[in-house]
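*Asks:* Pasting a structure below so you can have a look.
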Amino acid sequence: MRKMLFVASALACTHGWGLAQTPVTAPAASVSAVPYHSAFEPVAKSEPAISAGVKPADWMQANADTGRNQRGHMDVLQWETEVEVGQSPAKLPALGGTPLWPEQAVKLALLKQPDLFTRVNMSAFERTQTQAGVLKLTRSVYRAWIEAVAARQSLAYLREVHEAAQTATELAERMTRVGNWSKAQLLREQLLRSDAATQVALAQQKAFSANENLVRLLGLWGADAQINLPQRLPDLPTSPLPATGLEDSAVRNRPELVLASINARLELTAVGEPELRRWQKATDQALEATPAAPTSPEQALATRPITAPLLDTQRLGLSHALEQAATAQIQAGALAVATRSQAREAYYRYRTAYDLARHQRDEVVPLNTTLHEETQLRYNGMLQSTWDLLASATTRIQSVNAAVQAQRDFWLADTDLQAVLAGAEISFADEPRNPGASSGANKGH
2 MRKMLFVASA LACTHGWGLA QTPVTAPAAS VSAVPYHSAF EPVAKSEPAI
52 SAGVKPADWM QANADTGRNQ RGHMDVLQWE TEVEVGQSPA KLPALGGTPL
102 WPEQAVKLAL LKQPDLFTRV NMSAFERTQT QAGVLKLTRS VYRAWIEAVA
152 ARQSLAYLRE VHEAAQTATE LAERMTRVGN WSKAQLLREQ LLRSDAATQV
202 ALAQQKAFSA NENLVRLLGL WGADAQINLP QRLPDLPTSP LPATGLEDSA
252 VRNRPELVLA SINARLELTA VGEPELRRWQ KATDQALEAT PAAPTSPEQA
302 LATRPITAPL LDTQRLGLSH ALEQAATAQI QAGALAVATR SQAREAYYRY
352 RTAYDLARHQ RDEVVPLNTT LHEETQLRYN GMLQSTWDLL ASATTRIQSV
402 NAAVQAQRDF WLADTDLQAV LAGAEISFAD EPRNPGASSG ANKGH
């Protein structure tokens with residue numbers, strides 16, 4: 002039966018819509034080849050990683066519209082007013098033309114998710130489920146967009162490192178041929194070039210995978226899958242969001258919590274508060290009847306609970322309706338506790354990511370830039386070698402790349418925070434990353 006339904010739905014996709022081609026029926030000639038380029042081939046000079054003329058666009062509005070949650074982020078609002086999108090907000094972008102921003106990406110993704118459109122005759126539960134699905138999709142699209150843009154930006158910097166390593170190796174080969182360098186010194190440079198090529202290959206894979214993840218979320222294929230993204234992530238805001246009102250916003254906008262609260266009130270009305278207090282007293286007594294907890298630190302981890310508390314509802318005359326009311330109250334309270342906790346953790350992660358990104362931008366990158374400038378001055382005065390200059394340039398590029406990773410982590414944390422404030426349920430599976438961990442300086446000569 003399930004197979005028949007699948008076949009019927011496939012036939013509806015290929016014939017019922019009256020489309021000339023679909024991802025299922027398209028001939029192989031209409032699908033572009035995978036644009037793979039080996040990182041171990043001779044290096045071609047790359048384009049600049051950052052274009053000073055690129056303007057960030059409004060990519061925070063979609064989550065605000067979806068969650069009905071005005072966040073008052075002054076930097077984003079300033080950003081929003083400065084951007085010239087060049088099209089009506091109601092229109093979807095022409096793919097391959099102007100850069101695709103997250104707000105537009107969410108609209109594209111929703112076109113392929115008809116189950117996330119609300120209907121007039123929907124029940125409150127169905128609307129809640131739909132709203133939760135929209136919030137989940139919005140967060141996924143935003144995170145995928147951030148990852149894709151950051152991966153492309155990072156790839157550009159790693160290609161610069163590869164070019165520097167290639168230049169150093171070519172110079173080492175010439176010096177070895179004329180007898181000024183040993184074979185061991187040449188091999189070291191070749192190993193550095195090989196490592197740089199490996200990093201580029203891995204970065205290419207990461208950028209391609211991030212792009213394909215975004216393409217899958219948008220439901221694109223063929224020529225439309227060649228989406229045009231901005232060259233760089235938006236800059237950090239001038240100041241972080243304040244911590245006031247976070248929990249209230251998260252609780253107020255959580256659709257499941259609103260529904261659970263309504264259900265808890267209805268259940269309580271059926272039994273009354275005096276009965277609910279009787280239930281609470283019965284559970285307290287059941288807990289007191291359990292074995293006492295250890296009091297000494299030595300026994301705190303040695304003792305394990307072996308029996309569940311006994312609640313004799315028949316003997317105590319506790320009705321099933323009372324049990325349902327108490328359960329509804331507890332579930333609503335637990336959901337509120339979890340929502341408030343997520344808001345606090347999301348904000349703490351947001352502030353940590355902001356401080357790390359600002360530290361990389363305002364401290365680490367300027368220090369490496371100044372060091373490189375000093376090395377260049379000493380090189381011009383014949384006080385340092387060409388190898389010192391190349392190593393300094395590589396270190397500076399790596400520090401800028403680390404700043405990009407920190408910037409990416411901030412916007413991911415910002416997306417998570419805004420999702421929680423809009424009422425979404427998220428999980429914090431990833432540990433905070435050290436943006437400078439993989440950007441160590443090359444050794445000088």
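Counting in my numbering, the sequence shown tops out at residue 446, every number present. Glycine is no exception: its CB is placed at the ideal position from the N, C-alpha and C atoms.
Return the first residue and the last residue of the alpha helix (DSSP H) that R153 is part of.
*Replies:* Working through the sequence shown from its first residue, we reach residue 153 at position 152. A125 to R178 is the extent of the alpha helix (DSSP H) around R153.
*Asks:* Roughly how many angstroms lie between the CA atoms of I228 and Q385, to the nearest whole one?
*Replies:* The count along the sequence shown starts at 1 and reaches residue 228 at position 227. The count along the sequence shown starts at 1 and reaches residue 385 at position 384. Near 45 Å, if we compare the C-alpha coordinates of Q385 and I228.
*Asks:* Determine, using beta-carbon pairs with one atom in the stretch 161 to 173 and one in the stretch 223 to 239, whether at least three such pairs fall under 8 Å.
*Replies:* Cβ pair count under 8 Å is below three, so no.
*Asks:* Quick one: residues in its chain with C-beta nearer than 7 Å to the C-beta of S52, no 5 flanking neighbours on either side, listed in chain order?
*Replies:* In the sequence shown, counting from the first residue as 1, residue 52 sits at position 51. Because the pLDDT at S52 is just 34, under 50, the model does not fix this residue reliably, and the value given afterwards should be weighed accordingly. Answer for S52: Q232, listed in chain order.
*Asks:* Is it the case that the Cβ atoms of R144 and T416 are separated by a distance below 8 Å?
*Replies:* Taking the first residue of the sequence shown as position 1, residue 144 is located at position 143. Taking the first residue of the sequence shown as position 1, residue 416 is located at position 415. Cβ distance < 8 Å, so R144 and T416 count as in contact.
*Asks:* Please report the residue range of the alpha helix (DSSP H) in which E346 lies.
*Replies:* Walking along the sequence shown from the start, residue 346 turns up at place 345. Segment H321 to H360, the alpha helix (DSSP H) holding E346.
*Asks:* With distances taken from CA atoms, which of L111, Q205 and Q408 is nearest L221?
*Replies:* As a working note, residue 221 is residue 220 in the sequence shown. When only C-alpha atoms are compared, the closest one is L111.
*Asks:* Return helix, strand or coil for K184, following the three-state DSSP convention.
*Replies:* Residue 184 sits at position 183 when you count from the first residue of the sequence shown. In the structure shown, K184 sits in a helix (DSSP, three-state: H, G or I).
*Asks:* Using 8 Å for Cβ pairs, my map puts L136 next to G424. What's the rounded Cβ distance?
*Replies:* What you label residue 136 is simply residue 135 of the sequence shown in a count that begins at 1. What you label residue 424 is simply residue 423 of the sequence shown in a count that begins at 1. Yes, they are in contact, since the Cβ atoms of L136 and G424 sit about 6 Å apart, within 8 Å.
*Asks:* In the DSSP assignment, the alpha helix (DSSP H) including F411 goes from what residue to what residue?
*Replies:* Residue mapping note: residue 411 aligns to position 410 of the sequence shown, counting from 1. Unbroken alpha helix (DSSP H) run through F411: T387 to A423.
*Asks:* Give the straight-line distance between the Cα atoms of R279 and V259, rounded to the nearest whole angstrom.
*Replies:* Counting from 1 along the sequence shown, the entry for residue 279 is found at position 278. Counting from 1 along the sequence shown, the entry for residue 259 is found at position 258. Each residue's Cα considered, the two are about 26 Å apart.
*Asks:* Please work out which residues of its chain come closer than 6 Å, Cβ to Cβ, to A333, disregarding the five sequence neighbours upstream and downstream, and give them in chain order.
*Replies:* Stepping through the sequence shown from its first residue, residue 333 is reached at position 332. Result list for A333: A261, S262 and A265, in chain order.
*Asks:* First and last residue of the alpha helix (DSSP H) that includes R1?
*Replies:* Residue 1 falls outside the range modelled here, since the chain spans only 2 to 446, and no answer is possible.
*Asks:* Span of the alpha helix (DSSP H) holding E257?
*Replies:* Residue numbering aside, residue 257 sits at position 256 when the sequence shown is read from its first letter. First-last of the alpha helix (DSSP H) with E257: P256 to V272.
*Asks:* Roughly how many whole angstroms lie between the Cα atoms of K113 and Q206?
*Replies:* For the purposes of this step, residue 113 is taken as the residue at position 112 of the sequence shown. For the purposes of this step, residue 206 is taken as the residue at position 205 of the sequence shown. If you take the alpha carbons of K113 and Q206, they lie about 27 Å apart.
*Asks:* So which of P103, V201, A420 and V179 has the shortest CA-CA distance to E164?
*Replies:* The residue you call residue 164 lines up with position 163 of the sequence shown. Ranking P103, V201, A420 and V179 by Cα distance to E164 puts V201 first.
*Asks:* N369 lies in the alpha helix (DSSP H); which residues open and close that run?
*Replies:* Translated into the one-based positions of the sequence shown, residue 369 becomes position 368. Counting along the chain, the alpha helix (DSSP H) containing N369 begins and ends at V366 to N381.
*Asks:* Using a Cβ-Cβ cutoff of less than 7 Å, which residues in the same chain neighbour S400 once the five nearest sequence positions on both sides are dropped?
*Replies:* The residue labelled residue 400 in the question sits at position 399 within the sequence shown. V365, V366, N369 and S440.
*Asks:* I need the boundaries of the alpha helix (DSSP H) containing Q105, first residue and last residue.
*Replies:* For this step, residue 105 is matched to residue 104 along the sequence shown. Per DSSP, Q105 belongs to the alpha helix (DSSP H) from P103 to L112.
*Asks:* For P275, does the count of other Cβ atoms within 10 angstroms reach 16, so buried, or fall short, so exposed?
*Replies:* Locating residue 275 in the sequence shown gives position 274, counting from the first residue. With fewer than 16 Cβ atoms within 10 Å of its Cβ, P275 is classed as exposed.
*Asks:* Here's the rule: buried if 16 or more other CB atoms are within 10 angstroms of the residue's CB, otherwise exposed. What is S463?
*Replies:* Given a span of 2 to 446 for the chain in the structure shown, any question on residue 463 remains unanswerable.
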